[in-house]
Amino acid sequence: MQRSLELAENSRGTVSPNPMVGCVIVHQGVIIGEGWTQPYGGAHAEVQAINNVTRKELLPQSNAYVTLEPCAHFGKTPPCADLLVSHKLKRVVIACTDPNPLVAGKGVTKLKEAGIEVEVGLMEKEALNFNRRFFTSINHKRPYLILKWAETQDGYIARTNYDSKWISNEYSRKLVHQWRAEEDAIIVGTNTAKHDDPCLNVRDWEGKDPIRVVIDKQQKLNKKLNLFNGEQPTLCYNLIENSEMGNTSYIKLQGDNFIDELLTDLKDRKIQSLIVEGGAYLLESMIKQNLWDEARIFIGDNTFGDGIAAPKVKGTLISRQEIMGDDLKIIRNSQSN
(Lines of atoms letter the chains of each structure in order from A and count residues from 1; the text may use other names and numbers.)
(Lines give C-alpha, C1' and ligand atoms only; values in the text may rest on other atoms or scores of the structure.)
Protein backbone atom coordinates (compact mmCIF):
# COMPACT_ATOMS: atom_id res chain seq x y z
CA MET A 1 0.00 0.00 0.00
CA GLN A 2 2.92 2.31 0.66
CA ARG A 3 4.09 1.65 -2.88
CA SER A 4 0.59 2.38 -4.17
CA LEU A 5 0.65 5.77 -2.45
CA GLU A 6 4.07 6.48 -3.93
CA LEU A 7 2.71 5.68 -7.40
CA ALA A 8 -0.32 7.91 -6.84
CA GLU A 9 2.05 10.87 -6.40
CA ASN A 10 2.70 10.67 -10.15
CA SER A 11 -0.86 11.91 -10.68
CA ARG A 12 -0.41 15.17 -8.78
CA GLY A 13 -1.52 18.23 -10.70
CA THR A 14 -2.86 16.32 -13.72
CA VAL A 15 -6.00 14.39 -12.76
CA SER A 16 -8.36 16.84 -11.04
CA PRO A 17 -11.31 16.58 -10.53
CA ASN A 18 -10.47 12.88 -10.21
CA PRO A 19 -8.58 11.73 -7.11
CA MET A 20 -4.95 10.66 -7.24
CA VAL A 21 -4.90 6.86 -7.03
CA GLY A 22 -2.19 4.23 -7.11
CA CYS A 23 -2.58 0.46 -7.59
CA VAL A 24 -0.20 -2.48 -7.19
CA ILE A 25 -0.93 -6.09 -8.28
CA VAL A 26 0.91 -8.76 -6.25
CA HIS A 27 1.27 -12.48 -6.99
CA GLN A 28 2.84 -14.66 -4.31
CA GLY A 29 4.64 -11.70 -2.77
CA VAL A 30 5.97 -10.36 -6.08
CA ILE A 31 4.71 -7.16 -7.74
CA ILE A 32 3.55 -8.03 -11.25
CA GLY A 33 1.73 -4.82 -12.16
CA GLU A 34 1.69 -1.16 -11.15
CA GLY A 35 -0.34 1.86 -12.17
CA TRP A 36 -1.59 5.31 -11.28
CA THR A 37 -4.39 7.57 -12.48
CA GLN A 38 -3.60 9.11 -15.85
CA PRO A 39 -4.40 12.75 -16.75
CA TYR A 40 -8.12 13.54 -16.55
CA GLY A 41 -10.07 11.45 -19.03
CA GLY A 42 -7.35 8.80 -19.19
CA ALA A 43 -7.04 5.36 -17.63
CA HIS A 44 -7.50 4.88 -13.89
CA ALA A 45 -4.87 3.28 -11.67
CA GLU A 46 -6.43 -0.20 -11.71
CA VAL A 47 -6.57 -0.21 -15.51
CA GLN A 48 -2.93 0.82 -15.74
CA ALA A 49 -1.85 -1.81 -13.23
CA ILE A 50 -3.70 -4.67 -14.93
CA ASN A 51 -2.50 -3.58 -18.37
CA ASN A 52 1.05 -3.77 -17.05
CA VAL A 53 0.63 -7.41 -15.99
CA THR A 54 2.25 -9.49 -18.72
CA ARG A 55 0.86 -12.84 -17.54
CA LYS A 56 -2.86 -12.18 -17.13
CA GLU A 57 -3.45 -15.83 -16.14
CA LEU A 58 -1.87 -15.00 -12.76
CA LEU A 59 -4.56 -12.44 -11.87
CA PRO A 60 -7.06 -14.92 -10.30
CA GLN A 61 -4.34 -15.84 -7.78
CA SER A 62 -3.25 -12.23 -7.20
CA ASN A 63 -4.00 -9.42 -4.74
CA ALA A 64 -4.62 -5.80 -5.70
CA TYR A 65 -3.64 -2.94 -3.39
CA VAL A 66 -5.41 0.30 -4.25
CA THR A 67 -5.38 3.62 -2.39
CA LEU A 68 -9.08 4.39 -2.98
CA GLU A 69 -12.21 2.31 -3.45
CA PRO A 70 -12.50 1.27 -7.13
CA CYS A 71 -15.17 3.27 -8.95
CA ALA A 72 -18.48 1.55 -9.70
CA HIS A 73 -19.93 3.97 -12.26
CA PHE A 74 -19.41 4.97 -15.87
CA GLY A 75 -17.69 8.35 -16.18
CA LYS A 76 -14.95 9.20 -18.63
CA THR A 77 -13.93 5.52 -18.29
CA PRO A 78 -15.77 2.26 -17.40
CA PRO A 79 -16.06 1.13 -13.75
CA CYS A 80 -12.78 -0.14 -12.28
CA ALA A 81 -14.67 -2.49 -9.96
CA ASP A 82 -16.08 -4.27 -13.03
CA LEU A 83 -12.57 -4.63 -14.44
CA LEU A 84 -11.28 -6.27 -11.26
CA VAL A 85 -14.29 -8.61 -11.24
CA SER A 86 -13.76 -9.55 -14.88
CA HIS A 87 -10.19 -10.63 -14.14
CA LYS A 88 -11.33 -12.52 -11.02
CA LEU A 89 -8.79 -11.05 -8.63
CA LYS A 90 -8.39 -13.16 -5.51
CA ARG A 91 -8.25 -10.26 -3.04
CA VAL A 92 -8.50 -6.48 -3.14
CA VAL A 93 -7.05 -4.36 -0.34
CA ILE A 94 -8.39 -0.79 -0.24
CA ALA A 95 -6.94 2.04 1.84
CA CYS A 96 -10.18 4.04 2.13
CA THR A 97 -13.69 4.19 0.71
CA ASP A 98 -14.79 6.82 -1.79
CA PRO A 99 -17.32 9.38 -0.41
CA ASN A 100 -18.48 10.29 -3.92
CA PRO A 101 -22.22 9.38 -3.97
CA LEU A 102 -21.63 7.67 -7.32
CA VAL A 103 -19.30 5.22 -5.56
CA ALA A 104 -19.71 5.33 -1.74
CA GLY A 105 -19.42 1.64 -1.00
CA LYS A 106 -20.80 0.41 -4.34
CA GLY A 107 -17.34 -0.60 -5.51
CA VAL A 108 -16.75 -2.71 -2.40
CA THR A 109 -20.18 -4.30 -2.77
CA LYS A 110 -19.53 -5.26 -6.42
CA LEU A 111 -16.26 -6.93 -5.50
CA LYS A 112 -17.73 -8.87 -2.58
CA GLU A 113 -20.77 -10.01 -4.58
CA ALA A 114 -18.36 -11.42 -7.17
CA GLY A 115 -16.69 -13.51 -4.48
CA ILE A 116 -13.55 -11.39 -4.21
CA GLU A 117 -12.09 -11.04 -0.72
CA VAL A 118 -12.04 -7.35 0.24
CA GLU A 119 -10.14 -5.59 3.02
CA VAL A 120 -10.67 -1.88 3.73
CA GLY A 121 -8.65 0.42 5.99
CA LEU A 122 -4.98 -0.41 5.41
CA MET A 123 -3.06 2.91 5.74
CA GLU A 124 -6.41 4.70 5.74
CA LYS A 125 -5.13 7.78 7.58
CA GLU A 126 -2.30 8.26 5.08
CA ALA A 127 -4.65 7.79 2.12
CA LEU A 128 -7.22 10.27 3.47
CA ASN A 129 -4.49 12.86 3.99
CA PHE A 130 -3.01 12.23 0.56
CA ASN A 131 -6.32 12.91 -1.22
CA ARG A 132 -7.51 15.64 1.14
CA ARG A 133 -8.33 17.96 -1.78
CA PHE A 134 -10.71 15.40 -3.26
CA PHE A 135 -12.31 14.60 0.11
CA THR A 136 -12.72 18.29 1.01
CA SER A 137 -14.48 18.92 -2.30
CA ILE A 138 -16.89 16.03 -1.74
CA ASN A 139 -17.50 16.44 1.99
CA HIS A 140 -17.43 20.24 2.40
CA LYS A 141 -18.73 21.26 -1.04
CA ARG A 142 -15.85 23.67 -1.62
CA PRO A 143 -12.24 23.59 -2.84
CA TYR A 144 -9.32 22.75 -0.55
CA LEU A 145 -8.05 26.18 0.53
CA ILE A 146 -4.33 26.93 0.76
CA LEU A 147 -3.41 30.34 2.18
CA LYS A 148 0.01 31.52 1.06
CA TRP A 149 1.97 34.64 1.89
CA ALA A 150 5.47 35.91 2.57
CA GLU A 151 6.20 38.13 5.56
CA THR A 152 9.20 40.02 6.84
CA GLN A 153 11.06 39.34 10.06
CA ASP A 154 9.04 42.13 11.70
CA GLY A 155 5.69 40.74 10.50
CA TYR A 156 4.68 42.70 7.39
CA ILE A 157 3.49 41.38 4.02
CA ALA A 158 3.78 44.72 2.20
CA ARG A 159 4.89 48.29 2.67
CA THR A 160 2.33 51.01 3.33
CA ASN A 161 2.20 51.71 -0.43
CA TYR A 162 1.27 48.00 -0.99
CA ASP A 163 4.72 47.18 -2.44
CA SER A 164 5.72 43.64 -1.44
CA LYS A 165 8.69 42.90 -3.74
CA TRP A 166 10.69 40.95 -2.75
CA ILE A 167 10.22 39.45 0.70
CA SER A 168 11.04 35.84 -0.18
CA ASN A 169 14.07 34.76 -2.21
CA GLU A 170 14.24 33.27 -5.71
CA TYR A 171 14.34 29.69 -4.41
CA SER A 172 11.14 30.19 -2.43
CA ARG A 173 9.50 31.77 -5.46
CA LYS A 174 10.46 28.76 -7.58
CA LEU A 175 8.76 26.52 -5.01
CA VAL A 176 5.63 28.67 -5.24
CA HIS A 177 5.56 28.09 -9.00
CA GLN A 178 5.76 24.34 -8.36
CA TRP A 179 2.76 24.67 -6.05
CA ARG A 180 0.85 26.58 -8.72
CA ALA A 181 1.39 23.72 -11.16
CA GLU A 182 -0.01 21.26 -8.60
CA GLU A 183 -3.25 23.08 -7.75
CA ASP A 184 -6.37 23.83 -9.79
CA ALA A 185 -6.72 27.56 -9.26
CA ILE A 186 -5.18 30.64 -7.63
CA ILE A 187 -6.95 33.75 -6.34
CA VAL A 188 -6.05 37.36 -5.51
CA GLY A 189 -8.10 40.26 -4.25
CA THR A 190 -8.64 43.61 -5.92
CA ASN A 191 -5.77 45.50 -4.28
CA THR A 192 -3.22 42.78 -5.02
CA ALA A 193 -4.32 42.70 -8.66
CA LYS A 194 -4.08 46.50 -8.88
CA HIS A 195 -0.79 47.09 -7.08
CA ASP A 196 1.20 43.91 -7.85
CA ASP A 197 -0.15 43.25 -11.37
CA PRO A 198 0.63 39.52 -11.02
CA CYS A 199 0.59 36.98 -13.86
CA LEU A 200 -0.27 34.02 -11.58
CA ASN A 201 1.21 31.56 -14.05
CA VAL A 202 3.91 28.89 -13.92
CA ARG A 203 7.14 30.41 -15.24
CA ASP A 204 9.85 28.95 -13.00
CA TRP A 205 8.59 25.36 -13.09
CA GLU A 206 7.30 22.89 -15.64
CA GLY A 207 3.58 22.24 -15.45
CA LYS A 208 0.15 23.57 -16.24
CA ASP A 209 -0.91 27.09 -15.35
CA PRO A 210 -3.66 27.25 -12.71
CA ILE A 211 -7.00 28.87 -13.43
CA ARG A 212 -6.69 32.50 -12.34
CA VAL A 213 -9.36 33.93 -10.05
CA VAL A 214 -9.69 37.61 -9.18
CA ILE A 215 -12.19 39.53 -7.08
CA ASP A 216 -13.29 42.82 -8.65
CA LYS A 217 -16.70 43.56 -7.16
CA GLN A 218 -17.27 46.84 -8.98
CA GLN A 219 -15.22 45.97 -12.08
CA LYS A 220 -12.83 48.85 -11.57
CA LEU A 221 -9.62 46.98 -12.40
CA ASN A 222 -7.73 48.09 -15.50
CA LYS A 223 -8.29 45.58 -18.29
CA LYS A 224 -4.64 46.02 -19.31
CA LEU A 225 -3.49 44.19 -16.18
CA ASN A 226 -1.70 40.88 -16.71
CA LEU A 227 -4.68 39.01 -15.23
CA PHE A 228 -6.75 39.98 -18.26
CA ASN A 229 -4.17 39.16 -20.95
CA GLY A 230 -6.12 36.07 -22.05
CA GLU A 231 -3.10 33.78 -21.78
CA GLN A 232 -4.84 31.40 -19.37
CA PRO A 233 -8.43 30.85 -18.16
CA THR A 234 -9.42 33.60 -15.72
CA LEU A 235 -12.54 33.99 -13.58
CA CYS A 236 -13.43 37.52 -12.44
CA TYR A 237 -16.05 37.56 -9.67
CA ASN A 238 -18.09 40.74 -9.41
CA LEU A 239 -21.46 42.26 -8.50
CA ILE A 240 -22.17 43.78 -11.92
CA GLU A 241 -22.54 41.30 -14.78
CA ASN A 242 -22.11 37.86 -16.30
CA SER A 243 -20.12 37.97 -19.54
CA GLU A 244 -17.35 36.30 -21.52
CA MET A 245 -14.38 38.00 -23.11
CA GLY A 246 -11.96 35.57 -24.72
CA ASN A 247 -10.37 33.47 -22.00
CA THR A 248 -11.88 35.58 -19.21
CA SER A 249 -15.26 34.89 -17.60
CA TYR A 250 -16.99 37.61 -15.59
CA ILE A 251 -19.24 36.02 -12.97
CA LYS A 252 -21.86 38.00 -11.10
CA LEU A 253 -22.54 36.98 -7.49
CA GLN A 254 -25.41 38.10 -5.27
CA GLY A 255 -22.99 39.38 -2.64
CA ASP A 256 -24.87 38.33 0.50
CA ASN A 257 -21.89 36.16 1.40
CA PHE A 258 -19.46 36.84 -1.40
CA ILE A 259 -16.73 34.37 -0.43
CA ASP A 260 -19.14 31.48 0.18
CA GLU A 261 -20.84 32.12 -3.17
CA LEU A 262 -17.48 32.28 -4.91
CA LEU A 263 -16.31 28.98 -3.38
CA THR A 264 -19.58 27.28 -4.28
CA ASP A 265 -19.23 28.43 -7.88
CA LEU A 266 -15.65 27.13 -8.01
CA LYS A 267 -16.82 23.78 -6.64
CA ASP A 268 -19.54 23.64 -9.32
CA ARG A 269 -16.77 24.21 -11.89
CA LYS A 270 -14.98 21.12 -10.48
CA ILE A 271 -12.13 23.15 -9.03
CA GLN A 272 -10.85 21.09 -6.11
CA SER A 273 -8.03 23.26 -4.78
CA LEU A 274 -7.40 26.98 -4.54
CA ILE A 275 -4.25 28.90 -3.55
CA VAL A 276 -5.13 32.19 -1.85
CA GLU A 277 -2.22 34.52 -2.70
CA GLY A 278 -3.59 37.65 -1.08
CA GLY A 279 -3.78 40.37 -0.30
CA ALA A 280 -4.14 41.01 3.37
CA TYR A 281 -7.88 41.77 3.29
CA LEU A 282 -8.76 38.57 1.43
CA LEU A 283 -6.50 36.43 3.61
CA GLU A 284 -7.94 37.95 6.81
CA SER A 285 -11.49 37.42 5.52
CA MET A 286 -10.82 33.74 4.86
CA ILE A 287 -9.23 33.28 8.28
CA LYS A 288 -12.07 35.13 10.05
CA GLN A 289 -14.65 32.83 8.40
CA ASN A 290 -12.47 29.77 9.12
CA LEU A 291 -12.31 29.13 5.39
CA TRP A 292 -8.84 27.66 5.13
CA ASP A 293 -7.30 24.21 5.31
CA GLU A 294 -3.61 24.95 5.08
CA ALA A 295 -1.35 28.00 5.43
CA ARG A 296 2.06 28.18 3.78
CA ILE A 297 4.05 31.06 5.23
CA PHE A 298 7.47 32.26 4.10
CA ILE A 299 9.41 34.43 6.55
CA GLY A 300 12.14 36.36 4.75
CA ASP A 301 15.39 37.62 6.22
CA ASN A 302 14.49 41.30 5.77
CA THR A 303 12.48 43.94 7.66
CA PHE A 304 10.18 46.79 6.58
CA GLY A 305 9.84 48.70 9.86
CA ASP A 306 6.28 49.61 8.96
CA GLY A 307 3.62 48.43 6.54
CA ILE A 308 0.64 46.09 6.16
CA ALA A 309 0.62 43.50 8.93
CA ALA A 310 0.76 39.81 8.07
CA PRO A 311 -2.27 37.65 8.96
CA LYS A 312 -2.22 35.40 12.01
CA VAL A 313 -3.42 31.81 11.96
CA LYS A 314 -3.79 29.19 14.66
CA GLY A 315 -3.38 25.56 13.71
CA THR A 316 -1.08 22.56 13.77
CA LEU A 317 2.46 23.06 12.53
CA ILE A 318 2.97 20.33 9.91
CA SER A 319 6.47 21.21 8.80
CA ARG A 320 9.14 23.87 9.01
CA GLN A 321 12.14 24.17 6.74
CA GLU A 322 14.85 26.61 5.80
CA ILE A 323 15.07 27.60 2.12
CA MET A 324 18.34 29.42 1.47
CA GLY A 325 17.70 31.90 4.27
CA ASP A 326 13.89 31.91 4.15
CA ASP A 327 11.87 30.13 6.82
CA LEU A 328 8.88 28.17 5.47
CA LYS A 329 6.12 27.11 7.87
CA ILE A 330 3.19 24.93 6.81
CA ILE A 331 0.23 24.99 9.20
CA ARG A 332 -2.86 22.79 8.95
CA ASN A 333 -6.25 23.95 10.20
CA SER A 334 -7.57 21.29 12.59
CA GLN A 335 -10.98 23.04 12.75
CA SER A 336 -11.69 23.78 9.09
CA ASN A 337 -15.36 23.84 8.08
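When the letters of the sequence shown are read in order and numbered with the working numbering, they come out as residues 476 to 812. For glycine and all other residues, C-beta sits at the position ideal for the given N, C-alpha and C.
In whole angstroms, what is the alpha-carbon distance linking Gly721 and Arg687? Going by the C-alpha atoms only, they are around 14 Å apart.
Cβ atoms of Leu482 and Glu521: under 7 Å apart, would you say? no
7 Å CB neighbourhood of Gln796 in its chain, flanking five on each side removed: Leu803
Out of curiosity, what's the CA-to-CA distance linking His615 and Ala784? Each residue's CA atom was taken as its position, placing His615 and Ala784 some 30 Å apart.
Where DSSP assigns a beta bridge to Asn765, which residues make up the other side? Bridge partners of Asn765: none, in fact.
Can you tell which of Gln729, Lys669, Asp781, Ser479 has its C-alpha closest to the C-alpha of Ile569? Ser479
What are the partner residues of Gln796, as DSSP defines its beta bridges? Leu803
Under 7 Å between the Cβ atoms of Leu650 and Trp767? no
For Gly504, is the classification buried or exposed, using 16 other Cβ atoms within 10 angstroms of its Cβ as the cut-off for buried? exposed
Would you check if the stretch 569-579 and the stretch 537-545 touch, i.e. whether three or more CB-CB distances between them fall below 8 Å? yes
Under the DSSP definition of a beta bridge, which residues are partnered with Asn713? Lys727
Looking at C-alpha atoms only, which residue of Thr791, Leu741, Ala625, Ser748 is the closest neighbour of Asp776? Among Thr791, Leu741, Ala625, Ser748, the Cα nearest to that of Asp776 is on Ala625.
Environment of Asp801 [buried if 16+ CB atoms lie within 10 Å]: buried
Assign Leu738 to one of three DSSP states: helix, strand, or coil. helix
By the 10 Å Cβ neighbour count, where 16 or more other Cβ atoms means buried, how is Lys623 classified, buried or exposed? Result: buried.
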